[in-house]
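Note sheet for the following structure.
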Amino acid sequence: MSGRIALLVTSPRVAPGLLTRAAWSALETASSIGTSGSPQASAVTGAGLTVTDVIGDPWNWLTTSANAGSAVVWLVADDGEPALLRQAAEALSAEPRPTYEVEILYGSYDVPGARLIDLVRVMDRLRSNCPWDQEQTHASLAKYLLEETYETLEAIETGDYTHLSEELGDLLLQVAFHSRIAEEDPDDPFSIDDVAGGIVEKLIRRHPHVFADTHAADAAAVEANWESIKAAEKQRTSALEGIPLALPALSLADKVLSRAAKLDLPADAQPPVLPPAAGDTPQTRSSGPSDAASRASSVPSDQVADADRLGEDLLNLVRLARESGIDAEQALRDAVRRLADQIRAAELGR
């Protein structure tokens, strides 16, 4: 009777004991089960089977049993025991062939998202053992979060998906890092599970057309449902609440104008358009930023359709600001703040 060696490989990201039917069948019919550190050992022992903790060379233990005609199963440790798997591969290709059979049996597989568990484990080890990681706070990491966000945007703009994958990983690290730091807060701690759980609950609440019986005919209906549910949740007194003023000026302007457009204010309560700054007339320059300003205020929006032309106009305005010693970012931010004040006043006057 020939012996049999089964090397049972399992995912370290799946709870011990959650094995395939084939894996449990091999364990239950084995003459011996051995390991040198697999977390599966406790689950197998808990099922009433005997597991031998082998000290020394596992391949020698396995081949000795198999040569005697026994069916043995080895619980491979979380590191995959590459040296042991290499010995098994060499035995299968050796001449003469061994008298026993060798099989690599997969007892569990990673599910989508399983590597996120690895990230949590690595982050915990870094926070516990790395001097630099131990010193970091939410505030000290803020600049990295901003940098990684812009690097991710750059990867999207360039269309380099390999770079995008890397940058998304760097961005994900920031989420994991901040969550790990938050676990140590003595007053209001939270973990990565709280972060993930919160966004899962939010997505389910705000997609009733997927998770409930609400009907949404198109993307516009989905967006309308989202905004309606969000408004009910937040109970905000102004449409402008929740807009981070630290956004870059152009993004901030776009966000404020977007919120204002959704207010559906009466005509007499609409926020007035800010007049062009003094000197912003076509006569200021024959061609350049002042022309851009006049075009923006006089040409119907449906005619301003050339993205490249508009981009150049914006660039010229920034160039004019630099020549005039004006901080363009701050100037636009100040203008948006004035617009925000007007919107709030209009809301109160409805």
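Take the position in the sequence shown, starting the count at 1, then add 3; the result is the number in my numbering. Heads up, the beta-carbon is just placed ideally off N, CA and C, and yes, glycines get one too.
Skipping 5 residues on each side, what residues in its chain have a beta carbon closer than 8 Å to that of residue i?
| i | result |
| --- | --- |
| residue 328 | none |
| residue 325 | 331 |
| residue 131 | 137 |
| residue 250 | 258 |
| residue 141 | 181, 184, 185 |
| residue 193 | 182, 185, 186 |
| residue 125 | none |
For residue i and residue j, which I take to be in contact (beta-carbon distance under 8 Å), what is that distance rounded to the nearest angstrom?
| i | j | result |
| --- | --- | --- |
| residue 44 | residue 53 | Not really, about 10 Å apart at Cβ, beyond 8 Å. |
| residue 79 | residue 11 | 6 Å |
| residue 144 | residue 181 | 6 Å |
| residue 343 | residue 259 | 6 Å |
| residue 252 | residue 335 | 4 Å |
| residue 35 | residue 73 | 6 Å |
Counting C-beta neighbours from all protein chains within 10 Å, is the total for residue i 16 or more, i.e. buried, or is it exposed?
| i | result |
| --- | --- |
| residue 203 | exposed |
| residue 151 | buried |
| residue 135 | exposed |
| residue 90 | buried |
| residue 213 | exposed |
| residue 13 | buried |
| residue 348 | exposed |
| residue 66 | buried |
| residue 346 | buried |
| residue 84 | buried |
| residue 30 | buried |
| residue 2 | In this structure the chain extends from 4 to 353, so residue 2 is not present and cannot be described. |
| residue 244 | exposed |
| residue 47 | buried |
| residue 187 | exposed |
| residue 323 | buried |
Taking only beta-carbon atoms, is residue i less than 8 Å away from chain C?
| i | result |
| --- | --- |
| residue 258 | Protein chain content of the structure displayed is limited to a single chain, and chain C is not contained in it. |
Among residues of its own chain, excluding the 5 on either side of residue i, which ones have a beta-carbon nearer than 7 Å to its beta-carbon?
| i | result |
| --- | --- |
| residue 123 | 179, 195 |
| residue 217 | 211, 228 |
| residue 103 | 5, 6, 7, 8, 69, 70 |
| residue 62 | 87, 90 |
| residue 239 | 245 |
| residue 113 | 14, 16 |
| residue 55 | 35, 36, 37 |
| residue 289 | The predicted model places residue 289 with a pLDDT of 37, which falls under 50 and marks its position as unreliable; any figure quoted below should be read in that light. For residue 289, where only same-chain residues beyond five positions count, there are no Cβ hits under 7 Å. |
| residue 166 | 158 |
Going by Cα to Cα distance, which pick from the options is closest to residue i?
| i | options | result |
| --- | --- | --- |
| residue 24 | 247, 91, 111, 60 | 111 |
| residue 33 | 341, 51, 21 | 51 |
| residue 118 | 193, 323, 17 | 17 |
| residue 206 | 191, 192, 226 | 226 |
| residue 7 | 232, 71, 265, 309 | 71 |
| residue 27 | 92, 109, 60, 82 | 109 |
| residue 137 | 81, 183, 163 | 183 |
| residue 175 | 192, 198, 56 | 198 |
| residue 106 | 208, 47, 96, 215 | 96 |
| residue 75 | 352, 46, 64 | 64 |
| residue 263 | 60, 350, 120, 233 | 350 |
| residue 337 | 82, 92, 248, 126 | 248 |
| residue 155 | 171, 142, 315 | 171 |
| residue 231 | 220, 215, 221, 209 | 209 |
| residue 146 | 352, 173, 121 | 173 |
| residue 81 | 237, 200, 309, 19 | 19 |
For residue i, I'd like the list of residues in its chain whose CB is within less than 6 Å of its CB, leaving aside the five on either flank, ordered along the chain.
| i | result |
| --- | --- |
| residue 2 | Nothing about residue 2 can be read from this structure; the chain reaches only from 4 to 353. |
| residue 286 | Because residue 286 carries a pLDDT of 38, less than 50, the predicted location of this residue cannot be relied on, and no value is offered for it. |
| residue 255 | 339 |
| residue 57 | 37, 39, 64 |
Can we count residue i as close to the ligand PLP, meaning its CB is less than 7 Å from some heavy atom?
| i | result |
| --- | --- |
| residue 329 | Although the ligand PLP was asked about, the structure shown includes no ligands whatsoever. |
Practice task
Would you list, in sequence order, the uninterrupted alpha helix (DSSP H) runs of no fewer than 4 residues that lie entirely inside the region 180-218?
Solution key: 195-208, 211-214
Exercise for the section: Could you pull out every unbroken beta strand (DSSP E) segment of at least 3 residues lying fully inside the region 51-133, listed in chain order? Expected result: 74-78, 104-109
Exercise for the section: Quick one: which unbroken alpha helix (DSSP H) runs of 4-plus residues sit fully inside the region 4-37? Chain order, please. Expected result: 24-32
Handout entry: Contiguous alpha helix (DSSP H) assignments of at least 4 residues, all confined to the region 218-253
Key = 222-237
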